[in-house]
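Asker: Sharing a structure here in structure tokens format.
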Amino acid sequence: MSTTRPEPTTESRINMEQLTSASKRKTGLQLPHSFLRSEDGIPPLLSLLRGGRSGEVRLKLYLTASLIAAARPHEYRRNTPARAWAELLNLPEPATAGARRVSDAFEWLNDHDYLRVDRRRGVPPKFTLLSMDLDGKEYAKPTTEYVAIPLGLWTRHWINALSGTELAIFLAILDLPGNDDPHSRQPRFATGEQKDRYGFSDDSWTQATKQLVHLGVLEVTRKVANGGMSQRRNRNIYRLIDPHLDAEPGWPVTCWDGV
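Going by this note's numbering, the first residue of the sequence shown is number 638, and it counts up by one from there.
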């Protein structure tokens, strides 16, 4: 199913600027590899996303919460109503349906140990980050074995442009070994076994990467590689054209979604 995503509203841009400025972040977000992929079981990233459009709101809200509260004491105590979060994420009807979707997402994140949320009735949600291992322990900023999510995801509003699946697979591609230099002998690629660790269906991966190509974020080429016993196989090579997301997308954008 495809949807058209409009340019962020003035309110969305103002709220995004205020939140990212208040966080004093000069760089983006660090996510441990274990958050994105798993050798066995469902990784936290995919668990967040399951559930259609509800999953998309959870994913975007969680990433934004992690961005702005990553500094000690890893908590957010400003009086930001659900409506403002909905505006920031450019959700339809931010004062009503959008705000309810945000409140539902905060409740889910609390119940599944992504965040500890103060959910007192009539009070804007405040939260504390928890361990990205989802064990309910205190948050610890990853210092090794992590993937760096560019700040441009927020400051250039790509978080509003991408569907949940497209965003998650963009994160997975950032996590792949290799680099984005077009002349590199070590480009990014994913074997079937590597893809399985992220848990996405082949259809989701294919459709999302097509959309990332369409948006000018990604380049995908086919390369023939020699396998064992002289077998030859095709392999997709991925290169992020704008890995820091320095440029805004062209609005409006059409997105495909599915997991």
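In this text, a Cβ means the ideal position worked out from N, Cα and C, and glycines have one as well.
Going by Cα to Cα distance, which pick from R793, N716, G735 and R834 is closest to V760?
Answerer: Out of R793, N716, G735 and R834, N716 has the C-alpha closest to the C-alpha of V760.
Asker: Are there 16 or more other CB atoms within 10 angstroms of the CB of R859, so buried, or fewer, so exposed?
Answerer: Looking at its Cβ environment, which holds fewer than 16 other Cβ atoms inside 10 Å, R859 is exposed.
Asker: Restricting to Cα atoms, I'd like to know which of R876, D883 and T846 is closest to C892.
Answerer: When only C-alpha atoms are compared, the closest one is T846.
Asker: How do the region 801-812 and the region 742-761 stand: do at least 3 beta-carbon pairs fall below 8 Å, yes or no?
Answerer: The answer is no - the region 742-761 does not touch the region 801-812, with fewer than three Cβ pairs under 8 Å.
Asker: So what does D755 bridge to, in DSSP terms?
Answerer: Per DSSP, K763.
Asker: Check V850 in the structure and name its three-state DSSP category.
Answerer: In this structure, V850 counts as helix in the three-state DSSP scheme.
Asker: By DSSP's criteria, T858 is part of a beta bridge. Which residues make up the other side?
Answerer: Its beta-bridge partners are I874.
Asker: Going by beta carbon distance, what residues of the same chain come within less than 6 Å of P880, once the five residues before and after it are set aside?
Answerer: Result list for P880: D817, in chain order.
Asker: Which residues in the same chain have their Cβ closer than 7 Å to the Cβ of P819, if we skip the five residues on either side of it in sequence?
Answerer: Excluding sequence neighbours, P819 sits near R876.
Asker: Terminal residues of the continuous beta strand (DSSP E) containing A785?
Answerer: First-last of the beta strand (DSSP E) with A785: Y783 to I786.
Asker: Classify F743 as helix, strand or coil using the three-state DSSP reduction.
Answerer: Helix at F743.
Asker: How big is the Cα-Cα spacing for P680 and I796?
Answerer: If I take the Cα positions, the gap works out to 21 Å.
Asker: Going by beta-carbon coordinates alone, are T765 and H851 separated by less than 8 Å?
Answerer: Their beta carbons are not under 8 Å apart, which means T765 does not touch H851 by this criterion.
Asker: What first and last residue would you give for the beta strand (DSSP E) that runs through Q667?
Answerer: L666 to P669 is the span of the beta strand (DSSP E), which, as asked, contains Q667.
Asker: Work out the CA separation of T733 and N873 for me, nearest whole Å.
Answerer: Rounded to whole angstroms, N873 to T733 spans 43 Å at the Cα level.
Asker: Going by C-alpha distance, which of T641, N652 and T640 is nearest R793?
Answerer: When only C-alpha atoms are compared, the closest one is N652.
Asker: Tell me which residues share the same chain as L961 and place their Cβ nearer than 8 Å to its Cβ, disregarding the 5 neighbours each side in the sequence.
Answerer: The requested residue 961 does not occur in the structure, where the chain is confined to residues 638 to 896.
Asker: So does the region 670-684 actually touch the region 731-747, counting three or more Cβ pairs closer than 8 Å?
Answerer: Because the criterion of three Cβ pairs below 8 Å is not met, the region 670-684 and the region 731-747 do not touch.
Asker: Of all the options P787, F807, L788 and P814, which has the alpha carbon lying nearest to the alpha carbon of F837?
Answerer: The shortest Cα separation from F837 among P787, F807, L788 and P814 belongs to F807.
Asker: Can you look up N727 in the DSSP assignment and give me helix, strand or coil?
Answerer: Coil at N727, not helix or strand.
Asker: Taking 8 Å as the limit between beta carbons, can you name the residues of its chain near P779, skipping five residues before and five after?
Answerer: Cβ neighbours of P779 beyond the five flanking positions: Q667, L668, P669 and M769.
Asker: So V890 and R690 are in contact, right, with Cβ under 8 Å, and what is the actual spacing, rounded?
Answerer: Wrong, their Cβ atoms sit about 16 Å apart, outside the cutoff.
Asker: Compare the C-alpha of R738 against each of L683, K697, E654 and R714 and name the closest.
Answerer: Nearest of L683, K697, E654 and R714 to R738, Cα basis: K697.
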